[in-house]
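*Asks:* Dropping the structure in here first, questions after.
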Amino acid sequence: MNKSTLAATGLAVAVAAGSGSIASAKAVPAWYARLRKPPYQPPNAAFPVAWTTLYGDIAVTSAVAIDRFRAAGQHDRARRYAAALGVNLILNAGWSWLFFRFHKLGASAIGAGLLAASSADLTRRTAQADPRAALAQSAYPIWCSFATILATHVWRLNR
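Using our numbering, you'd call the opening residue of the sequence shown number 19 and step up by one each time.
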């Protein structure tokens, strides 16, 4: 894996993670704590562990995919992958702003669904470059799908 590719994907992921953290930092102990939540809601401590793991995985597997496409001379695919990653990370950070900062539960449920679809697409693209990297990345769309169910249920409970 090329170090500059990993640095680029790592930076992009870090910006998305940082943006999401800014959006959620004040809301979690106050507003979020007062929301009604479904019984399968994970404990708050699970989220930073899950997301830190996923963000590291996204950075590494995306760098692997981009480098594999480039090594195969598929530079257009590498560029499209990078663009898909950018859209995915915007959706990722945007969800935190919709949910935690703006308290738009319905919109955030839709945003979570878009993020899950985008994450599945990113993993599909990763599989075209490196099936093992896609297997490692598959936790991301699974988690985002669970988050979509959870966000939708929270919205329904708090309308």
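Note that CB positions come from ideal geometry on N, CA and C, so glycine has one too.
Who are the near neighbours of A77 in its chain, counting only those whose CB is closer than 6 Å to its CB and skipping five residues on each side?
*Replies:* Walking along the sequence shown from the start, residue 77 turns up at place 59. Cβ within range, chain order: T27, G28 and V31.
*Asks:* Which residues bound the alpha helix (DSSP H) around P47?
*Replies:* Within the sequence shown, numbered from 1, the residue matching residue 47 stands at position 29. Premise fails: P47 is in no alpha helix (DSSP H) and is neither H nor E.
*Asks:* For Q59 and I40, what's the separation of their Cα atoms in angstroms?
*Replies:* If you number the sequence shown from 1, residue 59 lands on position 41. If you number the sequence shown from 1, residue 40 lands on position 22. Going by the C-alpha atoms only, they are around 22 Å apart.
*Asks:* For A63, which of helix, strand or coil comes out of DSSP?
*Replies:* Locating residue 63 in the sequence shown gives position 45, where the first residue counts as 1. Correct three-state label for A63: coil.
*Asks:* What residue range is occupied by the uninterrupted alpha helix (DSSP H) comprising S126?
*Replies:* Sequence index remark: in the sequence shown, residue 126 carries index 108 (1-based). That run of the alpha helix (DSSP H) goes L123 to A147.
*Asks:* In chain order, what residues of the same chain have a beta carbon less than 8 Å from the beta carbon of S22, not counting five sequence neighbours either side?
*Replies:* Along the sequence shown, read from residue 1 onward, the residue named residue 22 stands at position 4. Excluding residues within five positions, none has a Cβ falling inside 8 Å.
*Asks:* Look up F87 in the DSSP assignment and say whether it is helix, strand or coil.
*Replies:* For the purposes of this step, residue 87 is identified with residue 69 of the sequence shown, where counting begins at 1. Note: F87 maps to helix in three-state DSSP.
*Asks:* Mark N8 as exposed unless 16 or more other C-beta atoms lie within 10 angstroms of its C-beta, in which case mark it buried.
*Replies:* Outside the displayed span of the chain (19 to 177) sits residue 8, for which this structure offers no information.
*Asks:* Does the Cβ-Cβ distance between A138 and T166 come in under 8 Å?
*Replies:* Here the question's residue 138 lines up with position 120 in the sequence shown. Here the question's residue 166 lines up with position 148 in the sequence shown. No, the Cβ-Cβ distance between A138 and T166 is not below 8 Å.
*Asks:* Flag this pair as yes or no: are the beta carbons of T71 and A154 separated by less than 8 Å?
*Replies:* Here residue 71 refers to the residue found at position 53 when the sequence shown is read from its first residue. Here residue 154 refers to the residue found at position 136 when the sequence shown is read from its first residue. No.
*Asks:* Helix, strand or coil: which one does DSSP assign to K55?
*Replies:* For the purposes of this step, residue 55 is taken as the residue at position 37 of the sequence shown. In this structure, K55 counts as coil in the three-state DSSP scheme.
*Asks:* Using alpha carbons as the reference points, say which of A25, K44 and L24 lies closest to W115.
*Replies:* As a working mapping, residue 115 is identified with position 97 in the sequence shown. If we check each option's Cα against that of W115, K44 comes out closest.
*Asks:* Give me the Cβ distance between F87 and A147, rounded to the nearest whole Å; I'm assuming they're in contact under 8 Å.
*Replies:* Taking the first residue of the sequence shown as position 1, residue 87 is located at position 69. Taking the first residue of the sequence shown as position 1, residue 147 is located at position 129. F87 to A147, Cβ: 5 Å. Contact.
*Asks:* State the Cα-Cα distance for the pair I84 and A96, rounded to the nearest angstrom.
*Replies:* Within the sequence shown, numbered from 1, the residue matching residue 84 stands at position 66. Within the sequence shown, numbered from 1, the residue matching residue 96 stands at position 78. Distance between the alpha carbons of I84 and A96 is about 5 Å.
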